[in-house]
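If you read the sequence shown in our numbering, its first letter stands for residue 5, the second for the next number, and so on.
Ideal Cβ positions, reconstructed from N, Cα and C, are used throughout, including at glycine.
All of these numbers come straight from a predicted model, not from anything done at the bench.
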Amino acid sequence: MLIKQIFPISDVRVPAKRKKSLDPVKVQEIAEDMLENGQTTPIRLRSAKTGFVLIEGFHRLEALRSLGEDMVEGYLVRAQLH
């Protein structure tokens, strides 16, 4: 069972491949929604040697950054081996 936790945004690393998929319009829409409703869906992270690596929720993370937030709600998940 996943437990929602609070993570410092500064400790979250976004993989380079993921950064290429950033849609500024989507970030703005999510940021506007967050101003009204807060963060309704946690992001997903995995532990790294230093900090955490983003698995899911790139646009939500960037929306929070654009709002000047320094913390994000998320789930810490184990990396899956394929």
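Inset, instruction - Identify which residue in 57, 41, 69 has its Cα closest to the Cα of residue 81. - result: 57
Inset, instruction - Report the rounded CA-to-CA distance for residue 79 versus residue 29, giving the unit in angstroms. - result: 25 angstroms
Inset, instruction - Helix, strand or coil for residue 3, going by three-state DSSP, please let me know. - result: The structure shown does not extend to residue 3, since the chain spans only 5 to 86, so no value can be given for it.
Inset, instruction - Helix, strand or coil for residue 50, going by three-state DSSP, please let me know. - result: strand
Legend entry - residue 87 and residue 22 closer than 7 angstroms at C-beta: Given that the chain is displayed from residue 5 to residue 86, the structure contains no residue 87 and the question cannot be resolved.
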